[in-house]
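*Asks:*
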Amino acid sequence: MSVSFIKRANTYLKTGTMALLIGVSSCTKKPPVLTKDVVEFTYPTAAKLIENFENGARHSVTVFVKDEPKRVISKSDISKYKVVPDTLLEKLKTLPDTVELYYQVYKGKADELIQKKLNKKNNLLTVAHGTTGRDFIELAGGKKAYEGDFILQKTADSLFNVGLIQKDSILRANISDASYNSLKTNEKDAILSYLYNVSEKLLIKHNPKREIPESFFECLSNGEKGKVQAKFNVMPSHEGAACGLAKRNLVQFLIYGNGEVLNDKFAQKTARNLLDVMKERCDSRKLLKEVFDMVEEYGVDSSKLEKTKSDFYKYLSA
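By the numbering used here, the letter at position 163 of the sequence shown is numbered 215, and the numbering carries on one by one without gaps.
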């Protein structure tokens, strides 16, 4: 339901005192405490990138409200609200004050497969733009939303913003100040998106048995951009989620490289490995087109991306 992103650009470009205060706390690993809902995005381009991956609109509903909108509507109470028909939503350029978007808390199929593979007993739940929680989603003030409940868009946006700030604090804490300050916007956005979906423990780990023994963060601090690009290669513990994750990795990989595979043997090997995962699907060319569409929408060097397109499609046809 594309209506969830109506006038979203305005939200991303807002800046405010509350967002600034939260941003100040991003120099440590300790996540900021959210005491009220905040919708200003501290990292707008990273937010847009991640939101495109998550596509939370698939689990959303737009309803009419009479009074002050509730932050959470329970699964059992949503039927008491009148749903706005899609035909009406398509005519709207922005949502009126009497209409609110809610995102449902759900259990993703790929996450469920992975959790079973890892023998995790509690459920991994997701809402909106990829905000996750074990058995529930915790909101500002300690309020909890459970599977099937619906969270107000403003509240979901606030959770998302705080999650991004937390990932940035992890990045700051694990690389040198000089390395952090030298990151270009596309590089930082790709890294924040990666951190948003991958445990930082994997990016901290030094492994002498690997082709690249240095960790992701060590490669960043050492200025080895080719090796960093090569590290966008995490694979899931369940093969059922492999293609989806390969697709996400490839988008982040190309955004980090500003549309190209960097001149590094490790980066080139990662590109081939990700394409090999997609090659196993009969719709591999369609999937690759979706990758390039997302990279183009984000905005990278068009001449570099055109060459990458040609090289990748040739590889799929080989």
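Ideal placement from N, C-alpha and C gives every residue a C-beta, glycine not left out.
Source: prediction; values computed, not measured.
1. Taking the beta strand (DSSP E) that V329 falls in, what are its first and last residues?
2. Only counting the same chain, and skipping five residues up and downstream in sequence, which positions put a Cβ closer than 8 Å to that of K359?
3. Do P265 and N259 come within 8 Å of each other at the CB atom, strictly closer than that value?
4. K277 and L314 - do their beta-carbons sit closer together than 8 Å?
5. Quick check on the burial criterion: 16 or more other C-beta atoms within 10 angstroms. Buried or exposed for F116?
6. Is S112 near Y155, with beta carbons less than 8 Å apart?
7. What do you get for C334, buried or exposed, if any count of 16 or more other CB atoms within 10 angstroms of its CB means buried?
8. Tell me whether K219 is buried or exposed, calling it buried when 16 or more other Cβ atoms sit within 10 Å of its Cβ.
9. Mind checking which residues open and close the beta strand (DSSP E) that includes R186?
10. Determine the burial state of P96: buried for a count of at least 16 other Cβ atoms within 10 Å of its Cβ, exposed for fewer.
11. Could you compute how far the alpha carbon of L144 sits from the alpha carbon of L244?
12. Beta-carbon within less than 6 Å of R300's beta-carbon, same chain only, minus the 5 sequence neighbours each way: which residues are those?
13. Please classify V135 as buried or exposed, where buried requires at least 16 neighbouring CB atoms within 10 angstroms.
14. Near S128, which residues of its chain fall below 7 Å by C-beta distance, leaving aside the five closest residues on each side in sequence?
15. Report all residues from its chain with a CB closer than 7 Å to the CB of L254; omit the five preceding and five following residues, and keep chain order.
16. So the candidates are G194, E199, E152; which of them puts its Cα closest to the Cα of N175?
17. For A98, does the three-state DSSP call read helix, strand or coil?
18. In this structure, what does DSSP give as the bridge partners for S362?
19. Roughly how many angstroms separate the alpha carbons of T322 and D89, rounded to a whole number?
20. If you run the structure through DSSP and keep just helix, strand and coil, what is V286?
21. Measure how close the beta-carbons of D241 and A98 come, nearest whole angstrom, since I'm counting them as under 8 Å.
22. So, at 7 Å on beta carbons, what are the nonlocal neighbours of L65 in its own chain, with the 5 sequence-adjacent residues on each side left out?
23. For M346, which option in L327, R324, F305, D363 has the closest C-alpha, if you only look at C-alpha atoms?
24. CA-CA distance, Y350 and F344?
25. Measuring alpha carbon to alpha carbon, tell me which of N325, P137, K257 ends up nearest A282.
*Replies:* In short:
1. Here V329 belongs to no beta strand (DSSP E); instead the alpha helix (DSSP H) covers 317-331.
2. E312
3. yes
4. yes
5. exposed
6. yes
7. exposed
8. buried
9. 183-186
10. buried
11. 33 Å
12. F105
13. exposed
14. none
15. V286
16. E199
17. helix
18. Beta-bridge pairing links S362 to no other residue.
19. 40 Å
20. coil
21. 4 Å
22. Interpretation of L65 is limited by its pLDDT of 36, a score under 50 that renders its predicted location unreliable; the figure taken from the coordinates is listed afterwards. Closer than 7 Å at the Cβ level, and outside the excluded window around L65, lie P96.
23. F305
24. 10 Å
25. N325
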